[in-house]
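Numbering (mature numbering (1 follows the signal peptide of the UniProt record, and there is no 0)), first residue to last: -18 to -1, 1 to 510. We put the beta carbon where it would ideally sit given N, CA and C, even for glycine. Since the model is a prediction, treat every value here as computed from it, not as a measurement. Below: one structure, written as structure tokens.
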């Protein structure tokens, strides 16, 4: 029988004697079994239940009861079904009772009794929420932890959000470690925090005994092929399938080594949009759901299978997710000051940040990074980006090129001298690129008579896929094929869609023009 999951997340501390957890949940059948489990936020599976079970209880008249033994602070699950769950936090020496209702997709709880610790933990958990974390909320959370650093609950919460949830950073821990009193420094959690902090601040290349294991589960697929995609050796982002694994009963496994944390994709043959994350030499769990994406194209209903995934066990991925929230230069600078050896930061400099920040800022931030990273390909890429940026800034001349069109003609950029030209770099497989096409059509309809030309340049490797997309999208402007050329290097294309505006004299007057930004620039230059 498959388990349906209802999860209550419980936290408890050292106590002199066991205490009782009682629950009354309407909708649970008499004779049902509930389990008390220990584990962080990972997917619940049958084999996992059997290996992590602390206790079990039989439901009678909708009621069950556990006697919780003495134990250090820890996270407990109350398990009976298989979907969403509510988190409850409890303190030592308290008899806990709560009422609830078993629903199809979770547990509705009410009349929950707990103590001061439950309130404190709910407080800090709401601040350091995974999905809502910002630089401001992280700083607020650190201040909360510093206020409670002399309490057992403060030390546990610090360990939990640093070691398990991985939302606290080494710079935060440096602040907190300084104020933890001496009488707490013999506790296991202090030692674990300290050891992890010391280890994280060492730059180490791969050791012979270091490796990764990706254990994946695909919901809704019993059999199939999973593929692991990494950057091709000697490149920063050119994808290459480096391994494949058979999916059996929904599970698959990859084993291997990476010399340093790097971005990877895991895909399932026959689906679109693989799951991307930072891969490092550690045990990693990957839970994948397949959703049907329905959309309209040229008035026709179409659909595709897309992957959604959640990653556990990769500290680099957690750091990368946080880095993605940084927008202001001062926040980025503060982060690099605290983490000059961070590989996801270096990758961010080489990719996204290099597109939206000035070469002067990029140079400043690169100089703040640890010089031990200077031999990394990403480090050298940032230097190349800085040089290219200074060549391709506003008012710089646009590099000329000659490329074949979809009709077989050779087209040069200089052929359009005397007109405003939008250069649109795209590909048939790029969802955001195709999502931008309506904006380009609007620009064409509004400004073509005013002297605007558009040149779309594909970076597709598959010419057939490109031509199929041209038929589907019906774009009335010039279409060029960049395959086999150095056009991406000429224009420093790190991501697509990438849209530039060139004036009648051949100078660049707009970069990264998308959506409202494109319309505003065209109004400024072409509205009469």
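Whose CA, out of 503, 131 and 419, lies closest to the CA of residue 455? What you label residue 455 is simply residue 473 of the chain shown in a count that begins at 1. When each option's Cα is compared against that of residue 455, the closest is 419.
So what's residue 246 in DSSP terms, helix, strand or just coil? Along the chain shown, one-based indexing puts residue 246 at 264. In the structure shown, residue 246 falls within a strand segment according to DSSP collapsed to helix, strand and coil.
Distance, residue 157 Cα to residue 319 Cα: In the chain shown, the residue the question calls residue 319 occupies position 337. In the chain shown, the residue the question calls residue 157 occupies position 175. So the alpha carbons of these two residues sit roughly 14 angstroms apart.
Below 9 angstroms between beta carbons: does that hold for residue 259 and residue 227? In the chain shown, residue 259 corresponds to position 277, counting from 1. In the chain shown, residue 227 corresponds to position 245, counting from 1. Cβ atoms of residue 259 and residue 227: not closer than 9 angstroms.
List the residues that DSSP assigns as beta-bridge partners of residue 364. By one-based count along the chain shown, residue 364 stands at place 382. Per DSSP, none; premise fails for residue 364.
Which ranges would you report for the alpha helix (DSSP H) in the stretch 303 to 346 if only whole runs of at least 4 residues count? 311 to 320, 325 to 332 and 334 to 338
Report the residue from 347, 252, 163 and 247 whose alpha carbon sits nearest the alpha carbon of residue 331. Within the chain shown, residue 331 is the residue found at index 349, counting from 1. With distances taken between Cα atoms, residue 331 lies closest to 347.
Which residues does DSSP pair with residue 43 in a beta bridge? Residue 43 sits at position 61 when you count from the first residue of the chain shown. None, per the DSSP bridge assignment.
If we call anything under 9 angstroms between Cβ atoms a contact, is residue 328 one with residue 355? Residue 328 sits at position 346 when you count from the first residue of the chain shown. Residue 355 sits at position 373 when you count from the first residue of the chain shown. The answer is yes: Cβ separation under 9 angstroms.
Buried or exposed by the 16-neighbour rule on C-beta atoms within 10 Å, applied to residue 421: As a working mapping, residue 421 is identified with position 439 in the chain shown. It is buried - the Cβ of residue 421 has at least 16 other Cβ atoms within 10 Å.
Pick helix, strand or coil for residue 174, following the three-state DSSP scheme. For this step, residue 174 is matched to residue 192 along the chain shown. It is helical.
If you pair each beta-carbon of the stretch 495 to 510 with each one of the stretch 460 to 472, do three or more pairs fall below 8 angstroms? no
Rounded to the nearest angstrom, how far is the Cβ of residue 341 from that of residue 489, given a contact under 8 angstroms? Taking the chain shown and counting its residues from 1, the one referred to as residue 341 is at position 359. Taking the chain shown and counting its residues from 1, the one referred to as residue 489 is at position 507. The pair is not a contact, with the Cβ atoms about 18 angstroms apart (cut-off 8 angstroms).
Just checking, does the stretch 408 to 419 make contact with the stretch 365 to 384 on the three C-beta pairs under 8 angstroms criterion? no
Identity of the residues DSSP links to residue 377 by a beta bridge: Along the chain shown, one-based indexing puts residue 377 at 395. None, per the DSSP bridge assignment.
My understanding is that residue 262 touches residue 243, with C-beta atoms under 8 angstroms, so please give their C-beta distance in whole angstroms. Position 280 of the chain shown, counted from the first residue, corresponds to residue 262. Position 261 of the chain shown, counted from the first residue, corresponds to residue 243. Rounded, the Cβ-Cβ distance is 4 angstroms, consistent with contact.
If we ignore side chains and look at the alpha-carbon of each, how far apart do residue 109 and residue 195 end up? Your numbering for residue 109 matches position 127 in the chain shown. Your numbering for residue 195 matches position 213 in the chain shown. Each residue's alpha carbon lies about 32 angstroms from the other.
Rounded to a whole number of angstroms, what is the C-alpha to C-alpha distance between residue 129 and residue 111? Mapped onto the chain shown, residue 129 falls at position 147. Mapped onto the chain shown, residue 111 falls at position 129. One C-alpha to the other measures close to 19 angstroms.
Measure the CB-CB distance between residue 416 and residue 304 and report whether it falls below 9 angstroms. Locating residue 416 in the chain shown gives position 434, counting from the first residue. Locating residue 304 in the chain shown gives position 322, counting from the first residue. No, the pair does not count as a contact, with Cβ atoms beyond the cut-off.
For residue 484, which option in 375, 210, 38 and 3 has the closest C-alpha, if you only look at C-alpha atoms? The residue given as residue 484 occupies position 502 in the chain shown. Among 375, 210, 38 and 3, the Cα nearest to that of residue 484 belongs to 375.
Given residue 333, which residues of its chain have a CB within under 6 angstroms of its CB, disregarding the five upstream and five downstream residues? On the chain shown, residue 333 is found 351 positions in, with the first residue counted as 1. 476, listed in sequence order.
Just mark residue 184 as buried or exposed, buried being the case when its beta carbon has 16 or more other beta carbons within 10 Å. By one-based count along the chain shown, residue 184 stands at place 202. Low confidence applies here, because residue 184 scores a pLDDT of 45, under 50, leaving its location unreliable; read the following figure in that light. Classification of residue 184: exposed, given that the 10 Å Cβ count is below 16.
Once the 5 residues before and after residue 343 are set aside, which same chain residues still bring their CB inside 7 angstroms of it? Position 361 of the chain shown, counting from 1, holds the residue named residue 343. Around residue 343, the same chain offers 311 as residues with beta carbons nearer than 7 angstroms, after the five sequence neighbours per side are excluded.
Checking 9 angstroms against the spacing of the C-beta atoms, do residue 290 and residue 270 come in under that value? If you number the chain shown from 1, residue 290 lands on position 308. If you number the chain shown from 1, residue 270 lands on position 288. In this structure, residue 270 lies closer than 9 angstroms to residue 290 by Cβ.
For residue 414, collect the residues of the same chain with a Cβ closer than 8 angstroms to its Cβ; drop the 5 residues on either side in sequence, then sort them by chain order. The count along the chain shown starts at 1 and reaches residue 414 at position 432. Contacts found: 478 and 479.
Does the count of Cβ pairs from the stretch 143 to 152 and the stretch 165 to 179 closer than 8 angstroms reach three? yes
When burial is assigned at 16 or more other CB atoms within 10 Å of the CB, is residue 358 buried or exposed? Here residue 358 refers to the residue found at position 376 of the chain shown. When all chains shown are included, residue 358 counts as buried.
Enumerate in chain order the residues of its own chain whose CB-to-CB distance from residue 508 is below 8 angstroms, with the five nearest sequence positions on each side excluded. Counted from its first residue, the chain shown places residue 508 at position 526. Within the same chain, residue 508 has close Cβ partners 402, 429, 432, 433 and 434.
Rounded separation between residue 392 and residue 499 - CA only: To locate residue 392, count along the chain shown from 1; it is residue 410. To locate residue 499, count along the chain shown from 1; it is residue 517. Each residue's Cα considered, the two are about 31 angstroms apart.
Output the distance between the C-alpha atoms of residue 251 and residue 448, rounded to the nearest integer angstrom. Walking along the chain shown from the start, residue 251 turns up at place 269. Walking along the chain shown from the start, residue 448 turns up at place 466. Each residue's alpha carbon lies about 21 angstroms from the other.
On the DSSP bridge assignment, give the partners of residue 269 in chain order. What you label residue 269 is simply residue 287 of the chain shown in a count that begins at 1. Answer by DSSP bridge pairing, in chain order: 199 and 292.
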